[in-house]
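Enquirer:
Numbering (full-length UniProt numbering), first residue to last: 1 to 323.
1. In whole angstroms, what separates the C-alpha of residue 206 from that of residue 302?
2. Do residue 12 and residue 125 count as a contact pair if the criterion is CB distance below 9 Å?
3. Taking all protein chains shown into account, decide if residue 159 is buried (16 or more other Cβ within 10 angstroms of its Cβ) or exposed.
4. Taking C-alpha atoms, which residue in 196, 110, 209 and 177 lies nearest to residue 147?
5. Do three or more CB pairs link the segment 55 to 73 to the segment 119 to 134 at distances below 8 Å?
6. Determine the DSSP secondary structure at residue 167, reduced to helix, strand or coil.
7. Which whole-angstrom value describes the C-beta separation of residue 43 and residue 15, a residue pair presumed to lie in contact below a C-beta threshold of 8 Å?
8. Is residue 213 helix, strand or coil when you go by DSSP?
9. Give me the Cβ distance between residue 100 and residue 161, rounded to the nearest whole Å; I'm assuming they're in contact under 8 Å.
10. Note down the Cα distance separating residue 214 from residue 103, rounded to an integer number of angstroms.
11. What did DSSP end up calling residue 222 once you bin it into helix, strand or coil?
12. Could you tell me which residues DSSP pairs with residue 295 in its beta bridges?
13. Which full runs of the beta strand (DSSP E) of 3+ residues lie inside the segment 124 to 173, going along the chain?
14. What's the C-alpha gap between residue 23 and residue 48?
15. So if DSSP puts residue 13 in a beta bridge, which residue, or which two residues, is it bridged to?
16. When the Cα of residue 113 is compared with those of 123, 128, 106 and 81, which residue comes out closest?
17. Cα-Cα, which of 149, 143 and 111 is closest to residue 121?
18. Are there 16 or more other CB atoms within 10 angstroms of the CB of residue 288, so buried, or fewer, so exposed?
19. Please name the residue, chosen from 144, 141, 211 and 237, that lies closest to residue 188 on a Cα-to-Cα basis.
20. With H, G and I counted as helix, E and B as strand and the rest as coil, what does DSSP make of residue 63?
21. Classify residue 321 as helix, strand or coil using the three-state DSSP reduction.
22. Across which residues does DSSP place residue 205 in a beta bridge pair?
23. Kindly indicate which residue of 194, 144, 274 and 216 has the alpha-carbon position closest to the one of residue 239.
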C-alpha cells in the first residue's frame, strides 16, 4: 500500500480489491463492470482463494482492457477476508474500493466516489453507496441504502446497518491506521472493520444505488449460526464493548442489544429456536425499547409452528410495501 494522506482526488489511482472463489461467470461480469467504469485511473487486483477451477483464464480475457489487472492465487483456501487482505497489501492506489465477485458496479460508481472525496473535508476517509438486489430476470427484490455519515461509530453501535464491501471506497492511509480485516472473524467482518475505520475518519454517503447484486443459490457467504455464536459474537464483544462504553452506558447497552438481536435473527433462520429465545431475551434486557427482538422471541417460542407462519406473513407484508 502507498503511504498517502488526503490525496489529490482528481489524479488519484483507485485500487480495486476483488476476491473470488470458483464462480468464473460471475467473476467475468464483475471484472467487466470495473473495466467499464467512467473513471480512468484504476488498478484491479484479483485474488483467487484457491478455486478448484483457477480464475486465471477469466482474468486473462481482460488483458487488453486498458487497465492494470493483477492476478494472485492463494496456495490454499483461506477465506474471503484473507483474500481481501492479500489484495490490500498489493495495492498502490490512494483509494481502495472493494468488489465481491457476485456483484457488479454501475459505470459511474468510482467516478462519483472519487468526486465525493474531492468535494468533502479532508477528514472524510470512507465513501459508500447503496446496493440494488435483483433476481435472475433483473427485477428488483430489495435495495440496501444507509444514510449514516459523519462520525459513524455511534450509529454502528446502535445497530444502524451500513452497506456491504462492494459499496465502499476507503482512503489507503485510513486503512493503514485502522489495520487490515480480521481473518479470525467468520462473519460480520464488514461491521467490525467499519468500527475500526470510524475511529480514524468521517464517513460520507452517496445516496444512489450504484452496486448491483443478483440474488440466488450462487451466493457464497452462508449463514453459519454456530460460528457466529461461538466465535464472532464473543470476539466482537471483546474487541469493541470497551469502545462502546467509552461513549457512555447507553451506547454500550445498545451495542450488546443490537449484536444479540442480529444473532437471534440468525438463530431463528437456522432453526436454533432455543438460542433464538436466549439472544432475543438478552437483546430485550439490554435495550427493551426495540420491537424486533420481541417479534423474534414470539416467533421462536413455538418452533416451526410459530416461526414459519410468522415468516410467511412478514414476507407478504414486505412485498406489499415494495409496490
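Glycine included, C-beta positions come from ideal geometry on N, C-alpha and C.
Expert: Quick look at the numbers:
1. Within the chain shown, residue 206 is the residue found at index 206, counting from 1. Within the chain shown, residue 302 is the residue found at index 302, counting from 1. Straight-line Cα distance between these residues: approximately 43 Å.
2. In the chain shown, residue 125 corresponds to position 125, counting from 1. In the chain shown, residue 12 corresponds to position 12, counting from 1. Their beta carbons are not under 9 Å apart, which means residue 125 does not touch residue 12 by this criterion.
3. Taking the chain shown and counting its residues from 1, one reaches residue 159 at position 159. Burial call: buried.
4. For the purposes of this step, residue 147 is taken as the residue at position 147 of the chain shown. Residue 147 has its Cα closest to that of 209, out of 196, 110, 209 and 177.
5. no
6. For the purposes of this step, residue 167 is taken as residue 167 along the chain shown, with counting starting at 1. Residue state, collapsed to three classes: helix.
7. Translated into positions along the chain shown, residue 43 becomes position 43. Translated into positions along the chain shown, residue 15 becomes position 15. Their Cβ separation, rounded to whole angstroms, is 5 Å, which keeps residue 43 and residue 15 in contact under 8 Å.
8. Taking the first residue of the chain shown as position 1, residue 213 is located at position 213. DSSP places residue 213 in strand when its eight states are reduced to three.
9. For the purposes of this step, residue 100 is identified with residue 100 of the chain shown, where counting begins at 1. For the purposes of this step, residue 161 is identified with residue 161 of the chain shown, where counting begins at 1. That pair is no contact at about 17 Å.
10. Residue 214 sits at position 214 when you count from the first residue of the chain shown. Residue 103 sits at position 103 when you count from the first residue of the chain shown. Looking at the two C-alpha atoms, the distance is approximately 7 Å.
11. The residue labelled residue 222 in the question sits at position 222 within the chain shown. Below a pLDDT of 50, predicted positions are generally treated as unreliable, and residue 222, at 46, falls in that range; the measurement from the model is reported next regardless. Residue 222: coil per DSSP, three-state reduction.
12. Counted from its first residue, the chain shown places residue 295 at position 295. In the DSSP output, where bridge partners are listed per residue, residue 295 has none listed.
13. 124 to 134, 140 to 144 and 168 to 171
14. Start at 1 with the first residue of the chain shown, and residue 23 comes out as number 23. Start at 1 with the first residue of the chain shown, and residue 48 comes out as number 48. Computed Cα separation, rounded: 10 Å.
15. Within the chain shown, residue 13 is the residue found at index 13, counting from 1. Bridge partners of residue 13: none, in fact.
16. By one-based count along the chain shown, residue 113 stands at place 113. Looking at the Cα atoms, 128 is the closest of the given residues.
17. Indexing the chain shown from 1 puts residue 121 at position 121. For residue 121, the nearest C-alpha among the options comes from 149.
18. Taking the chain shown and counting its residues from 1, the one referred to as residue 288 is at position 288. It counts as exposed.
19. If you number the chain shown from 1, residue 188 lands on position 188. Out of 144, 141, 211 and 237, 237 has the C-alpha closest to the C-alpha of residue 188.
20. Against the chain shown, residue 63 aligns to sequence position 63. In this structure, residue 63 counts as coil in the three-state DSSP scheme.
21. The sequence position of residue 321 within the chain shown is 321, counting from 1. In this prediction, residue 321 scores a pLDDT of 44, lower than 50, which makes its location untrustworthy; the coordinate-derived value is nonetheless stated afterwards. Helix.
22. Stepping through the chain shown from its first residue, residue 205 is reached at position 205. Note: residue 205 sits in a beta bridge opposite 128.
23. Taking the chain shown and counting its residues from 1, the one referred to as residue 239 is at position 239. Looking at the Cα atoms, 194 is the closest of the given residues.
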